Structure formats: C-alpha cells, structure tokens
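Here is the structure we will look at, set down as structure tokens.
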C-alpha cells in the first residue's frame, strides 16, 4: 500500500533527499518549492522511481501564499 507524502523544500537539501527516499520506497508525492524550473526537474527524476508526483511552487514562509495554494 502506497502513501501520499507532502514534502516542502523539495528542490534541494534535506527536502530533496527526503522526497527521493519516499519515492524509492514506493510512496506518491506532493512536492513544493520556490524554484519552478528546478521543481520540474526534480518531479521528472522522482517519477523515474515509479512515484506519482504532483509539484507546485510555494514559499512556505509566506502565510498568504500557503493559504491561497493549499
């Protein structure tokens, strides 16, 4: 049974490593980050592990952006 996991900051660092680990274990992902161009690259990489991935740009430090997006 696969889960759906949301990872913020998925374009680099800990967020990227976390998203990759979940994808390798067969989980589906909702990923977000501030850099749309890099987010699309990361999405394609994660899909290579067989994960279903939904990606969107979001700055979690901006409360209005979070409320509007989520």
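In this note's numbering, the protein residues as written are -17 to 52.
Here a beta-carbon is modelled for each residue, glycine too, at the ideal position from N, C-alpha and C.
Please read all numbers here as calculations on a predicted model, not as lab measurements.
Rounded to whole angstroms, what's the CA-CA distance from residue i to residue j? Just pull it up for me.
i, j, result
"residue 12", "residue 43", "18 Å"
"residue 30", "residue 19", "18 Å"
"residue 50", "residue -10", "16 Å"
"residue -2", "residue 27", "11 Å"
Which residue from the options puts its Cα closest to that of residue i?
i, options, result
"residue -13", "51, -6, 18, 37", "37"
"residue 9", "40, 33, 17", "33"
"residue 6", "-16, 39, 15, 47", "-16"
"residue 17", "41, 45, -4, 0", "41"
Who pairs with residue i in a beta bridge, going by DSSP?
i, result
"residue 52", "Bridge partners of residue 52: none, in fact."
"residue 39", "15"
"residue -10", "14"
Rounded to whole angstroms, how far is the Cβ of residue i from the Cβ of residue j, which I believe are closer than 8 Å?
i, j, result
"residue 24", "residue 3", "Not quite, the Cβ-Cβ distance comes to about 13 Å (not below 8 Å), so this is no contact."
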